[in-house]
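Protein chains: 2
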Amino acid sequence: MNEHVADAVDSEEELLARVAWYYYHDGLTQNEIGDRLNLNRIKVSRLLEAGRRTGVIDVKINSRYQGCLLLEEGLRARYGLGEAYVIPALPGGQESERLGQAAAQFLMQRLRPGDLLAAGWGATVSSTIQKLGHVANERGIGLVSMTGGVSTYVDGMRAANWGSNVHLVPAPLVVRNPEIAKFLLAEPAVTNLLDMALDATYQLVGIGELGQSSTVVRSGHISPDEVEPLRRKGAVGDMLCRFFNRDGTVLDLPFHERVIGVQLEALAQSSKVIAVAGGLGKLAAIRAALLGRFASILITDETTAEALLAAAEEDK
Amino acid sequence: MNEHVADAVDSEEELLARVAWYYYHDGLTQNEIGDRLNLNRIKVSRLLEAGRRTGVIDVKINSRYQGCLLLEEGLRARYGLGEAYVIPALPGGQESERLGQAAAQFLMQRLRPGDLLAAGWGATVSSTIQKLGHVANERGIGLVSMTGGVSTYVDGMRAANWGSNVHLVPAPLVVRNPEIAKFLLAEPAVTNLLDMALDATYQLVGIGELGQSSTVVRSGHISPDEVEPLRRKGAVGDMLCRFFNRDGTVLDLPFHERVIGVQLEALAQSSKVIAVAGGLGKLAAIRAALLGRFASILITDETTAEALLAAAEEDK
DNA sequence: GCTTGACTTGAACATATGTAACGTTCAATA
DNA sequence: TATTGAACGTTACATATGTTCAAGTCAAGC
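Here the protein sequences line up with chains A and B, keeping their order.
Heads up: the first sequence begins at 321 in this note's numbering, then just goes up one per residue.
Heads up: the second sequence begins at 321 in this note's numbering, then just goes up one per residue.
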């Protein structure tokens, strides 16, 4: 009797869906599910774990306090944001992992079948892309990169199985000299994709701080020696490898002429730019990015949100 | 330090949201959460339980096999439905509870802030309304009844806290004689609401079977003696207290003239009618309702879906 | 045919969770 | 002031769950 049910289940994923339903909606124990479907209890446990990890199983918290309402309101008001999404603090936690999850949840609620997501660069963004993969594939959601540096994106996408609908800018992120950059930026294969990114349903970007241990440095696009000169020119952080000062003005740097990717000024025109970043180390950078209006939706953590509001208060 | 966090949490609900986040998104144990927030482990456990019960915590399964894809496809094709949603079988389970949950989840994904939901009558629908309450209130979603019988609705809504935006048809469900019905159906207070129900974003209805233990009988709107005569006239089931035969034709009954509520013929015009019903006992009724096109979206369980397809096959 | 390595499986254990019974506190009420 | 009842805390216990590790399976490569 029950064997039939198990046998009829052809794919692993259908099995998972069924198990998840029994577990979370019907409140059966893993043992009961195992009996019913002729599975080992442990297999059930592992299926559930896999489901949670890949995002097939997603827990939504339907509360106006989901983040902290007050903080979200405050950020919206003080920085003129379209939306803000604040997740609870967790001292010592994996910030970028958690923010990635939050961003993935945010996007899952909003992306419709056939939508296109433009993605930037960085640890948090990668984390989001990965969590989103499974669902995005289901819904036929496309992905387009906002900068060069193909390998950066491919990493995050191998684990998640983003389907076929992925478009990567065929270029490095930073090239050796401005001439090569100009050449690439005249290539239709490149410009078409960058235009596509700007037309996407949402643009998802991270914000980087300037420092010896920041991602731009660790990934080798900026050498440690270059940090101090940049700082002297007023740089406090970057988005998509473009640096800005504390007021949110994009700096006029030779370096920028070697970056392949969309311009921040173009992002400022869109109302669908989601910045996901948190941590007090990034405070100045985030604040500057918001002042520059490079993003209209911010996803951050409680501590950072509080600090952002305090900074806004001070400046008044 | 940590006391501050707990103290700053003013409402129970914010606490719940935070606990839920830590538990489901960050994978902390209930003990860890308790320590962090100065709560008893048991209290954490109870909070989570309450959250799940009220729908503040909601688990979504993002899979094309969520229900059974094949069955859903089949139902759509065979019965010309707009959508079908099939939940896995659970022998011996609480069908109406589970279907209610499925319907609530379906609606939660689709209702936008400011939308209006028209609700019919019956155990499954009540269950849905209840699960939906919290979230609906958050999103400012309104509720309007599709029939008289105020008390029927109030029950389900007291537990859930549907906010202020609830409109009930001020009349009994069935009145003593046709004259009173005619009188009531001329009252603007009644007709306005019924029009509103037909204009709602979605109409949610149950399907009833005809029998000694069916809801129409147990609730006293039909006496047990009336069942057999109805059956002889061809009735196989009802929606909103209106009976139809196995082909989905609404019967011409004196009884119908005493019912206060929208007409099935009007529903057939809408493409936003969600019927939620399951169980083999209701098979004939569900099939007839689908043939009559009284609903364009069906939420049912696996076993019933299979039977519906088998019946369609037979008839071909 | 044998070996290797990646992967799955199963059993035993440690931990986490749910439940029930009971005691405390606190505030409303007689 | 005494009393009641609800909410919360505590404990102890039964169950459910996650984790680890050893044994098995399978396919590719020598």
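Glycine included, C-beta positions come from ideal geometry on N, C-alpha and C.
Distance between beta carbons of residue j and residue i, contact taken as under 8 Å
i: Y637 (chain A); j: L359 (chain A); result: Not covered by the structure: residue 637 (chain A). The range shown for chain A is 321 to 636.
i: I601 (chain A); j: L419 (chain A); result: The sequence given here has Gly at residue 601 (chain A), not Ile. 13 Å between Cβ atoms; not a contact.
i: S383 (chain A); j: V376 (chain B); result: 5 Å
i: L436 (chain B); j: A520 (chain B); result: 4 Å
i: V406 (chain B); j: A625 (chain B); result: 5 Å
i: A631 (chain A); j: I617 (chain A); result: Not quite, the Cβ-Cβ distance comes to about 19 Å (not below 8 Å), so this is no contact.
i: L611 (chain A); j: G568 (chain A); result: 4 Å
i: A627 (chain B); j: L603 (chain B); result: 5 Å
i: L427 (chain A); j: L452 (chain A); result: 6 Å
i: L560 (chain B); j: G440 (chain B); result: 5 Å
Min CB distance residue i to chain A below 8 Å
i: V556 (chain B); result: no
i: Q421 (chain B); result: yes
Beta-carbon neighbours of residue i, restricted to chain B and to distances below 8 Å
i: V455 (chain A); result: N382
Chain A residues whose Cβ lies nearer than 8 Å to that of residue i
i: Y344 (chain B); result: V379 and I381
i: W341 (chain B); result: I381, Q386, I407 and P408
Short CB-CB distance (under 8 Å) between residue i and chain B
i: I407 (chain A); result: yes
i: E333 (chain A); result: yes
i: R538 (chain A); result: no
i: R418 (chain A); result: yes
Outcome for residue i when other beta-carbon atoms lying within 10 angstroms are tallied against a minimum of 16
i: E585 (chain A); result: exposed
i: R366 (chain A); result: exposed
i: E392 (chain B); result: buried
i: D635 (chain A); result: exposed
i: R551 (chain B); result: exposed
i: P498 (chain A); result: exposed
i: E415 (chain A); result: buried
i: A509 (chain A); result: exposed
i: N512 (chain A); result: exposed
i: P408 (chain B); result: buried
i: Q532 (chain A); result: exposed
i: N457 (chain B); result: buried
i: E333 (chain A); result: buried
i: I381 (chain B); result: buried
i: A506 (chain A); result: exposed
i: Q429 (chain A); result: exposed
i: I580 (chain B); result: buried
i: A337 (chain A); result: buried
i: E529 (chain A); result: buried
i: D327 (chain B); result: Any reading at D327 (chain B) must be qualified, since the residue scores a pLDDT of 38, below 50, and its modelled position is unreliable; the value itself is stated next. By the 10 Å Cβ count, D327 (chain B) comes out exposed.
i: S446 (chain A); result: buried
i: T676 (chain B); result: The displayed coordinates of chain B run from 321 to 636. Any statement about residue 676 (chain B) would go beyond what the structure contains.
i: G526 (chain B); result: buried
i: K553 (chain B); result: exposed
beta-carbon residue i near the ligand HEM non-hydrogen atom, thresh 7 Å
i: A439 (chain B); result: Looking at this structure, you won't find the ligand HEM or any other ligand, since it has none at all.
Using a Cβ-Cβ cut-off of less than 7 Å, list which residues of the segment 360-382 of chain A approach chain B; keep chain order.
G375, V376, I377, D378, V379, K380, I381 and N382
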